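Below: the structure, in structure tokens.
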Amino acid sequence: MEIPHPLGTTTLAKKPERVVVFDFGALDTLDKLGVDVIALPKTLIPGYLQKYHDPKYVNVGSLQEPDFERIYALRPDLILISGRQSELYEEFAAIAPTLFVGVDAARYMESFEENARLLGRIFEKEAEVEAELAKIRQAVSEIRAKAAGSRLRALVILANEGRASAYGPGSRFGLIHDELGFLPADEKIVSSTHGQSISFEYILEKDPDILFVIDRTAAIGGESSAKAVVENRLVRLTKAYENGKIVYLEPDVWYLSGGGLVSVARMVQQVAQALD
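All residue numbers for the sequence shown refer to the numbering used here, where the first residue is 802 and numbers rise by one.
The following block contains the structure:
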């Protein structure tokens, strides 16, 4: 099987049996499909994937710093990577067939579905993948219709150690606008990997109807402080605060994971809370 992907073309001679995963979205897809893996980076495993702390799964470093010697010793027959490891593709590919399965934020759902179907094809789980995708598409369709009807303006921010960055359409968290249909409170947010640095005065100025918050500090194992930081005297003057529409999204799912059958379903479900 020859598989083209953003970093090259990978050939698989048979169904893989010794899989190393560096993308938590791909891991949750494989978990949902009942496909086992042998190794993963264990430094920041999302809460919903805690079972992978079990010693039977080998620790192969961190998302940013893979342990290539240990990976080589495992003799994997497939390695799955995404954006955080993209610059190391050649090193991975020298060890075993390597696939890039990161989600393209500019076309989130389409890219996510392509990756899910690819894993379904590789592991002969096509029917299971289609069943899960159908459920997610239905949920997305319902939320999109509600969001469009509500005309609510949303702002998505990443809170980190007392600072905040905004993310708009086309960004890593842009599916809230692009796929789920919420109007952006600011249509001019600069799309970048780390978001647009903003002040709390900015949040008041844009006065969103809904404020979606992702707590990066909590996602990477620190003490959650987003609520205390975000709900300050300025933000308490916004429509979002006044109407109880500050929605704290599951940080490890949104920041560390996403793009998997489990994580996307959770993400969609969490955004739906804003319309209750």
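Heads up, the beta-carbon is just placed ideally off N, CA and C, and yes, glycines get one too. The structure displayed is predicted, hence computed values, not measured ones.
DSSP places Arg954 in the strand class (E or B) of the three-state scheme.
Judged by beta-carbon spacing, Ala948 lies beyond the 9 Å limit of Val957, meaning their Cβ atoms are not closer than that value. By the Cβ-count criterion, Met1068 is buried, with 16 or more other Cβ atoms from all chains shown falling within 10 Å of its own Cβ. Counted as a single uninterrupted DSSP element, the beta strand (DSSP E) harbouring Val1014 occupies residues Ile1011 to Asp1016. Between Arg885 and the set Gln865, Arg1034, Phe983 and Phe893, the nearest pair of CA atoms involves Gln865. Judged by DSSP secondary structure, Tyr1049 falls within the beta strand (DSSP E) whose first and last residues are Ile1047 to Tyr1049. Ile1004 and Val1030 do not touch by the CB rule: their CB atoms are close to 12 Å apart, not below 8 Å. Ala946 is classed as exposed because its beta carbon has fewer than 16 other beta carbons within 10 Å across all chains shown. Counting other Cβ atoms within 10 Å of its Cβ, Glu818 stays below 16 and is therefore classed as exposed.
Each residue's CA atom was taken as its position, placing Ile990 and Glu1024 some 28 Å apart. For Met802 and Ala932, the gap between their C-alpha atoms comes out near 24 Å.
Glu929 and Val904 have their C-alpha atoms roughly 20 Å apart.
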